[in-house]
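Presented below is the structure to which this report refers.
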Amino acid sequence: MTVIDPVAALAELAPVGADPVRGGWSRHLLDDADRGMRAWFVRTAESLGLAVETDANANQWATWAPAGATGKALATGSHLDSVPGGGPLDGPLGVVSALAAVSRLMAEGHAPARPIRVANFAEEEGARFGVPCLGSQLLAGELDTGRVRDLADASGATYADVMTAAGYDPGAIGRDEPRLRGIAAYVELHIEQGRQLEPLGTPVGLATSILAHGRWRLTVTGRGDHAGATELDSRRDPMVVAAEVVLAARDRAVAADPATRSRATVGKQRIVPGGSNAIASQVTLWLDARAEHDVDVRALVDAILTDAANAAAAEGCDVEVAEESFSTRVAFDAALTDAMDDALGGVPRIPTGAGHDAGILSAHLPAAMIFVRNPDGVSHSPHEGASDEDIRAGADALTTVLRALT
Ligand code: HGY
Ligand code: MN
Ligand code: MN
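Quick look at the structure:
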């Protein structure tokens with residue numbers, strides 16, 4: 001029986017979706033890179049003798065159900081897609097560690113009393129179609145499937161087109177009651193995003209909560225014109241409005257009550273026509289806003305959108321706002337987290353500002369997370385990293401937890 005080393009497995013994945021322009025990795029739902037990651041998942045899971053399947057929402061599942069393993073499964077895993085130019089661990093660390101943990105349990109002759117199911121959730125980052133945790137939200141029935149089918153990527157291809165081209169039936173997406181009911185609990189291992197474990201001197205920790213968070217798309221329309229021939233007093237420049245929105249996001253988050261842990265970011269924008277000597281006609285920008293509680297996010301975004309409307313009016317531009325996603329604050333399952341803590345012998349518990357599939361599932365079944373130390377805390381960047389020693393410590397911790405819970 002092959003025991004999977006998570007460090008070696010991550011090295012195997014390193015060439016898949018490496019992004020020569022941005023650095024890091026770009027792996028987005030069902031693009032070539034994502035397909036490469038999915039093929040690795042099937043190959044590796046089948047090498048362990050796991051039963052591999054893909055559900056109607058394009059989530060992959062690998063199940064270990066030896067004789068004696070009955071009833072609802074213990075699920076674990078994460079995602080294999082990335083943000084554009086993301087790091088090597090955000091997502092893959094959880095999937096690799098889950099397969100490594102199963103291989104360790106098999107090798108030691110562990111006889112699980114319940115099946116163990118390893119998941120690769122589709123489009124967790126929402127980088128192609130704009131909705132984070134798309135696969136787990138569809139599974140949980142939290143999205144309007146008609147709206148999802150019409151979601152378009154930057155090239156204009158719809159989710160329905162892409163799923164059909166990949167052999168899925170877009171008409172079959174949505175809540176998967178039997179699959180949800182077949183899961184007793186979900187444990188996700190993930191690279192820490194932020195730097196809380198380093199000062200505590202420990203390689204792993206457990207999650208307490210996830211900030212409430214959402215994404216809004218602002219489309220600012222002005223009048224395209226010549227950069228040199230257009231007098232300043234006759235301009236309607238959406239780039240000026242976009243700049244005001246970026247600054248308003250920072251200013252409003254800074255001005256918020258620190259207890260709300262508010263943060264707001266504009267990390268993506270699309271400029272039309274995008275010529276260096278042309279005043280833009282339209283700028284689309286995406287606002288990512290997060291805070292301790294839903295009401296704090298709503299207050300933060302309301303303030304930023306008021307600033308955006310005022311800036312647009314002052315520049316003679318129009319602004320349209322669309323809420324692309326909203327995830328309510330998550331408090332992970334206390335009993336499950338306590339059981340994991342008992343198995344691990346006592347590790348720190350930390351909140352996170354990053355969303356996860358475990359956060360989505362936590363509204364439907366007991367869910368909890370293990371974090372692996374990130375020395376400088378950086379994520380959603382090629383500079384995300386962890387030591388080999390900590391990566392292996394994470395897999396050891398997950399093995400310990402899966403053994404204790406099955
Ligand atoms: O955006 C997030 O928090 C997660 O990485 N999808
Ligand atoms: Mn991420
Ligand atoms: Mn992630």
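Those letters in the sequence shown? Residues 1 to 406, by the numbering used here. Where a beta carbon is used, it is the ideal one built from N, C-alpha and C, also for glycine. Note that this is a predicted model, so its numbers are computed, not measured.
Rounded straight-line distance, which links the Cα of residue j to that of residue i
i: W61; j: D169; result: 18 Å
i: V52; j: V220; result: 45 Å
i: W216; j: P351; result: 24 Å
i: T260; j: V162; result: 39 Å
i: V272; j: A227; result: 14 Å
i: L74; j: S325; result: 28 Å
i: D233; j: G316; result: 11 Å
i: H204; j: G130; result: First, the residue type needs correcting, since residue 204 is Val and not His in the sequence shown. Going by the C-alpha atoms only, they are around 31 Å apart.
i: A65; j: G77; result: 16 Å
i: R104; j: A157; result: 42 Å
i: R27; j: E231; result: 44 Å
i: E123; j: L10; result: 19 Å
i: V16; j: A313; result: 46 Å
i: P238; j: G146; result: 31 Å
i: G24; j: R181; result: 37 Å
i: T54; j: G171; result: 15 Å
i: A335; j: G345; result: 15 Å
i: P366; j: R250; result: 35 Å
i: D342; j: I183; result: 22 Å
i: A397; j: S387; result: 15 Å
i: P85; j: G91; result: According to the sequence provided, residue 85 is Gly. The question's Pro does not apply to it. Answer to the nearest angstrom: the Cα atoms are 14 Å apart.
Chain-order list of residues whose beta-carbon lies under 8 Å from that of residue i (same chain, five-residue window excluded)
i: A248; result: A303, I304, D307, A308, A311
i: M340; result: V187, L206, A368, I370, V401, A404, L405
i: G87; result: G24, W25, I191, V378, S379, H380, S381, P382, H383, E384, G385
i: T337; result: L206, A207, T208, R349, A368
i: A152; result: F129, T158, Y159
Closer than 7 Å: residue i CB and nearest ligand 2 heavy atom
i: H380; result: yes
i: D90; result: yes
i: E324; result: no
i: A354; result: yes
Residue i beta carbon near ligand 1 (any heavy atom closer than 7 Å)
i: E108; result: no
i: E125; result: yes
i: P132; result: yes
Cut-off 7 Å between Cβ atoms - residues of its own chain near residue i, not counting five sequence neighbours on either side
i: G355; result: P132, C133, I210, H213, S327
i: V246; result: V266
i: P6; result: V96, S97, A100, I391, R392, A395
i: A113; result: G68, A69, T406
i: L200; result: P348
i: V330; result: S209, I210, G359, S362
Residue i beta carbon near ligand 3 (any heavy atom closer than 7 Å)
i: H383; result: no
i: D190; result: A small correction: the amino acid at residue 190 is His; Asp does not occupy that position in the sequence shown. Flag set: Cβ of H190 near ligand 3.
i: H364; result: no
i: H79; result: yes
heavy atom of ligand 5 below 7 Å from residue i C-beta
i: V83; result: Summarising the ligand content, the structure contains ligand 1, ligand 2 and ligand 3 and does not contain ligand 5.
Cutoff 6 Å; reference residue i; Cβ partners in own chain excluding five residues on either side
i: P375; result: E198
i: L93; result: I191
i: V21; result: none
i: P115; result: T63, A65, A69, A73
i: V83; result: E125, A127, H380
Minimum Cβ-Cβ distance from residue i to chain D less than 8 Å
i: L143; result: Reference to chain D is not applicable here, since this structure consists of a single protein chain.
- Query: At which residue ranges does the segment 55-141 contain complete beta strand (DSSP E) runs of 3 or more residues, listed in the order of the chain?
  - Reply: DSSP runs (the beta strand (DSSP E)) wholly in the segment 55-141: 60-64, 73-79, 116-121.
- Task: Kindly provide the ranges of any alpha helix (DSSP H) runs that are 4 or more residues long and lie completely inside the segment 297-362, ordered along the chain.
- Result: Qualifying alpha helix (DSSP H) stretches, in chain order: 334-344, 357-361.
- Task: Go through the segment 160-194 residue by residue and report every complete run of the beta strand (DSSP E) that reaches 3 residues or more, in order.
- Result: Within the segment 160-194, the complete beta strand (DSSP E) runs of at least 3 residues are 183-191.
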